[in-house]
Amino acid sequence: MKKYILLLPLLFLFQLNVFSQQKERMGPAFIDSASVIKSGALSKKRLIPSTKKQKLYNPRNRGINKIVPGKGLPKRDDPTVQKKKGDIPAKAPIFTFDGADTRSTPSDPTGAVGRNHYVNAWNSEFAIWDKQGNVLIPGSSLASIGGAFNDETDGDPIVFYDESADRFVVMQFSDDLAPRGTSNSPAALLFAVSQGPDPVNSGWYTYRFDLESLPDYPKISLWSDGYYITTNKDALEPQGKEIVYVLERDKMLAGANDVRILGFPLPGIQNNGFYSPAGFSVMGSDLPPAGDAPIIYLQDDQWAGVNEDHLKIWLMDVNWEDLSSSSIRLSQELTDGVSPFIATFDGGSFKNLAQPGSDTDIDALQGAMMYMTQYRRFEDHNSVVMNFVVDVDASPAEHAGIRWYELRQANDGAAWSVYQEGTYAPDPSDRFSGSIGIDARGNIALGFTILDDNPVDPIFPSIRYTG
Numbered sequence: 002m003k004k005y006i007l008l009l010p011l012l013f014l015f016q017l018n019v020f021s022q023q024k025e026r027m028g029p030a031f032i033d034s035a036s037v038i039k040s041g042a043l044s045k046k047r048l049i050p051s052t053k054k055q056k057l058y059n060p061r062n063r064g065i066n067k068i069v070p071g072k073g074l075p076k077r078d079d080p081t082v083q084k085k086k087g088d089i090p091a092k093a094p095i096f097t098f099d100g101a102d103t104r105s106t107p108s109d110p111t112g113a114v115g116r117n118h119y120v121n122a123w124n125s126e127f128a129i130w131d132k133q134g135n136v137l138i139p140g141s142s143l144a145s146i147g148g149a150f151n152d153e154t155d156g157d158p159i160v161f162y163d164e165s166a167d168r169f170v171v172m173q174f175s176d177d178l179a180p181r182g183t184s185n186s187p188a189a190l191l192f193a194v195s196q197g198p199d200p201v202n203s204g205w206y207t208y209r210f211d212l213e214s215l216p217d218y219p220k221i222s223l224w225s226d227g228y229y230i231t232t233n234k235d236a237l238e239p240q241g242k243e244i245v246y247v248l249e250r251d252k253m254l255a256g257a258n259d260v261r262i263l264g265f266p267l268p269g270i271q272n273n274g275f276y277s278p279a280g281f282s283v284m285g286s287d288l289p290p291a292g293d294a295p296i297i298y299l300q301d302d303q304w305a306g307v308n309e310d311h312l313k314i315w316l317m318d319v320n321w322e323d324l325s326s327s328s329i330r331l332s333q334e335l336t337d338g339v340s341p342f343i344a345t346f347d348g349g350s351f352k353n354l355a356q357p358g359s360d361t362d363i364d365a366l367q368g369a370m371m372y373m374t375q376y377r378r379f380e381d382h383n384s385v386v387m388n389f390v391v392d393v394d395a396s397p398a399e400h401a402g403i404r405w406y407e408l409r410q411a412n413d414g415a416a417w418s419v420y421q422e423g424t425y426a427p428d429p430s431d432r433f434s435g436s437i438g439i440d441a442r443g444n445i446a447l448g449f450t451i452l453d454d455n456p457v458d459p460i461f462p463s464i465r466y467t468g
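The working numbering applies: residue 2 is where the sequence shown begins, and numbers increase by one.
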């Protein structure tokens, strides 16, 4: 009788362990493909001019936040906040020029610089300059790209430069499949890949991947075996529906047909309604081995289901020869080196930060690992840098600062650890919407939006940088 009593708990623990492993590793929840539609050079004859009309894009409310009032640390000011601006002298820009000019709300500006060009896009237009600041393509509708982009201007564009391939990628979503009025799928992801290094004259390969629901707030990253896309999608079922996608990069660069797309959930994720995880995106020409592509997201202990502030990392292993063996698994929960943070503003509201001369507060872009999360390989380690907005002090008033991290990996396949962290908020001004990068020498730069409604010395929303 004693043997049975002893074995039952062991059997229960074995079944629980198997269930936990199954829960943490999941296969693709979505598989589909798309064929190429080619479009030619961006001649002035086919450009659709910018309208310059005021337009509201994709108005949405979170409405499903799972915040627990009074829960979470720190209860005092952010312990990692930088109290002064620092002593390293910053270099002035070599030159500046006007970029996006729009009345769209939100404007969602995005851009990427290549060897010889800068491509800028926003809701829902684009423009191209050379690196001397000369306009090559004036502000024009994204539908001017043609192919799968024809008659598509739904917004949330992302411009991406694939350095190792020397190509530009433009992505946007569609919320209504053409032809209009049909009962087809309600949403899609659209991609345009330049056929060569010159985004003006090379022509474009375009693709349309039909989805079952809107892939809101899409972001693209590069790993050696694919283009990885993270979205704010199916927020009510983030652990059961596809949130992260991977596309066959090699085929897209070649303009091939039947390019496949896989969609995966994020097992074990907790979110506060709106959420934006990020893929590690390779910078430089040295690509990592295929497989184990990391996805990362913050977890705030003010959210339901989260007991300690941490960073959560998933690994995606894609087998293009056997799609059924592809998987995503929860790999790490980083708590060591992660100081407590407050990543929630106004219970998840879109309106958080006061600006001068207006009664309308600005969205701090909470709940998002800010674009992009840059990965770079060095001789003795791999590094990735990232950032997200935090409320710097524990007072009722909101004070936005930028929590940033450098994670390091000793070698391919090893665990990631926090190498350094900080919160950049050296004065009472609000800083948010950060963009961080690391160069081949290990220098780190951080750009951000700043504002301050101080009536004596106001700062209207502006872009600044530090390093």
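Every residue, glycine too, gets a C-beta built ideally from N, C-alpha and C.
Where the beta strand (DSSP E) through residue 313 begins and ends: Position 312 of the sequence shown holds residue 313. From DSSP, the beta strand (DSSP E) with residue 313 extends over 311 to 318.
As assigned by DSSP and simplified to three states, the class of residue 210: For this step, residue 210 is matched to residue 209 along the sequence shown. If DSSP states are grouped into helix, strand and coil, residue 210 belongs with the strands.
Nonlocal neighbours in the same chain, by C-beta distance under 8 Å from residue 42, ignoring five residues either side: Here residue 42 corresponds to residue number 41 of the sequence shown, with the count starting at 1. Hits under 8 Å: 201, 202, 203 and 204.
Which of helix, strand or coil DSSP assigns to residue 250: One-based indexing of the sequence shown puts residue 250 at position 249. Helix at residue 250.
Residue 271 to residue 300 span [Cα, whole Å]: The count along the sequence shown starts at 1 and reaches residue 271 at position 270. The count along the sequence shown starts at 1 and reaches residue 300 at position 299. If you take the alpha carbons of residue 271 and residue 300, they lie about 7 Å apart.
C-alpha distance - residue 294 paired with residue 385, whole-angstrom precision: Taking the first residue of the sequence shown as position 1, residue 294 is located at position 293. Taking the first residue of the sequence shown as position 1, residue 385 is located at position 384. So the two alpha carbons sit approximately 13 Å from each other.
Buried versus exposed, by CB contacts within 10 Å (16 or more), residue 368: Against the sequence shown, residue 368 aligns to sequence position 367. It is buried - the Cβ of residue 368 has at least 16 other Cβ atoms within 10 Å.
Touch test, the segment 51 to 58 against the segment 103 to 118, Cβ-Cβ under 8 Å, three pairs minimum: yes
Those runs of the beta strand (DSSP E) which lie wholly inside the segment 105 to 129 and span at least 3 residues: 111 to 114 and 118 to 123
Proximity below 9 Å, CB of residue 207 to CB of residue 49: Looking up residue 207 in the sequence shown gives position 206. Looking up residue 49 in the sequence shown gives position 48. Result no, Cβ atoms of residue 207 and residue 49 do not sit closer than 9 Å.
Three-state class that DSSP yields for residue 459 in the structure shown: For the purposes of this step, residue 459 is identified with residue 458 of the sequence shown, where counting begins at 1. Of the three classes helix, strand and coil, the one that applies to residue 459 here is coil, per DSSP.
Sub-9 Å separation of residue 168 and residue 288 beta-carbons: If you number the sequence shown from 1, residue 168 lands on position 167. If you number the sequence shown from 1, residue 288 lands on position 287. No, the Cβ-Cβ distance between residue 168 and residue 288 is not below 9 Å.
Same chain only: Cβ atoms within 6 Å of residue 171, ignoring 5 sequence neighbours per side: In the sequence shown, the residue the question calls residue 171 occupies position 170. Counting only Cβ-Cβ distances below 6 Å, and skipping sequence neighbours, we find 160 and 193.
Residue 144, DSSP secondary structure in three states: Within the sequence shown, residue 144 is the residue found at index 143, counting from 1. Looking at residue 144 - three-state DSSP - the assignment turns out to be helix.
Closer than 8 Å: residue 363 CB and nearest the ligand NAD heavy atom: Judged by which ligands are present, the structure shown has none, so any question about the ligand NAD falls away.
Cβ neighbours of residue 181 in the same chain (closer than 8 Å, five flanking residues each side left out): Locating residue 181 in the sequence shown gives position 180, where the first residue counts as 1. Reliability fails at residue 181, whose pLDDT of 40 lies under 50, so the model's placement of it is uncertain and the value that follows must be treated cautiously. The answer is none, since no qualifying residue turns up.
Residue 425 - partner residues in DSSP beta bridges: By 1-based counting over the sequence shown, the position of residue 425 is 424. Beta-bridge pairing links residue 425 to 83 and 403.
Three-way DSSP call (helix, strand, coil) for residue 26 in this model: Within the sequence shown, numbered from 1, the residue matching residue 26 stands at position 25. In the structure shown, residue 26 sits in a strand (DSSP, three-state: E or B).
Segment contact, 8 Å Cβ cut-off, at least three pairs: the segment 429 to 446 with the segment 396 to 407: yes
Three-state class that DSSP yields for residue 54 in the structure shown: Locating residue 54 in the sequence shown gives position 53, where the first residue counts as 1. Coil.
Spatial neighbours of residue 377 in its chain, beta-carbon cut-off 6 Å, leaving aside the 5 residues before and after: As a working note, residue 377 is residue 376 in the sequence shown. Excluding positions up to five away in sequence, the list reads 284, 285, 384 and 439.
Residue 15 to residue 25 span [Cα, whole Å]: Residue mapping note: residue 15 aligns to position 14 of the sequence shown, counting from 1. Residue mapping note: residue 25 aligns to position 24 of the sequence shown, counting from 1. Here residue 15 scores only 39 on pLDDT, less than 50, and its place in the model is too uncertain to base an answer on.
Three or more C-beta pairs below 8 Å linking the segment 77 to 97 and the segment 440 to 454: no
Cβ neighbour criterion (16 or more within 10 Å) applied to residue 252: Along the sequence shown, read from residue 1 onward, the residue named residue 252 stands at position 251. So residue 252 ends up on the buried side.
Backbone CA spacing between residue 80 and residue 407 [nearest angstrom]: Here residue 80 is taken as the residue at index 79 of the sequence shown, counted from 1. Here residue 407 is taken as the residue at index 406 of the sequence shown, counted from 1. The straight-line gap from Cα to Cα measures roughly 17 Å.
DSSP state of residue 163 mapped onto helix, strand, coil: Position 162 of the sequence shown, counting from 1, holds the residue named residue 163. It is a strand residue.
Contact set for residue 121: own chain, Cβ-Cβ below 8 Å, skip 5 residues either direction: In the sequence shown, counting from the first residue as 1, residue 121 sits at position 120. Closer than 8 Å at the Cβ level, and outside the excluded window around residue 121, lie 100, 101, 110, 111, 112, 127, 128, 129, 130 and 160.
Spatially closest choice to residue 319 from 31, 327 and 73, by CA coordinates: Taking the sequence shown and counting its residues from 1, one reaches residue 319 at position 318. Here the closest residue by C-alpha is 327.
Best match in 212, 314 and 347 for proximity to residue 336 [C-alpha to C-alpha]: Here the question's residue 336 lines up with position 335 in the sequence shown. That would be 314, whose Cα lies nearest to the Cα of residue 336.
Member of 174, 457 and 142 whose CA lies at the smallest distance from the CA of residue 232: By one-based count along the sequence shown, residue 232 stands at place 231. When each option's Cα is compared against that of residue 232, the closest is 174.
Close-in-space but distant-in-sequence residues of the same chain around residue 389 (CB under 7 Å, 5 per side omitted): For this step, residue 389 is matched to residue 388 along the sequence shown. Contacts found: 299, 344, 369, 370, 371 and 404.
Minimum C-alpha distance to residue 325 - residue among 262, 468 and 342: As a working note, residue 325 is residue 324 in the sequence shown. Minimum Cα distance to residue 325 is reached at 262.
Cβ-Cβ separation, residue 310 to residue 342 (assumed contact under 8 Å), whole Å: In the sequence shown, counting from the first residue as 1, residue 342 sits at position 341. In the sequence shown, counting from the first residue as 1, residue 310 sits at position 309. Residue 342 to residue 310, Cβ: 5 Å. Contact.
Residue interval of the beta strand (DSSP E) (run including residue 387): Along the sequence shown, one-based indexing puts residue 387 at 386. Residues 383 to 392.
Close-in-space but distant-in-sequence residues of the same chain around residue 291 (CB under 6 Å, 5 per side omitted): Locating residue 291 in the sequence shown gives position 290, counting from the first residue. Same-chain partners within the cutoff: 225 and 226.
Alpha-carbon to alpha-carbon, residue 420 and residue 89: To locate residue 89, count along the sequence shown from 1; it is residue 88. To locate residue 420, count along the sequence shown from 1; it is residue 419. For residue 89 and residue 420, the distance between alpha carbons rounds to 21 Å.
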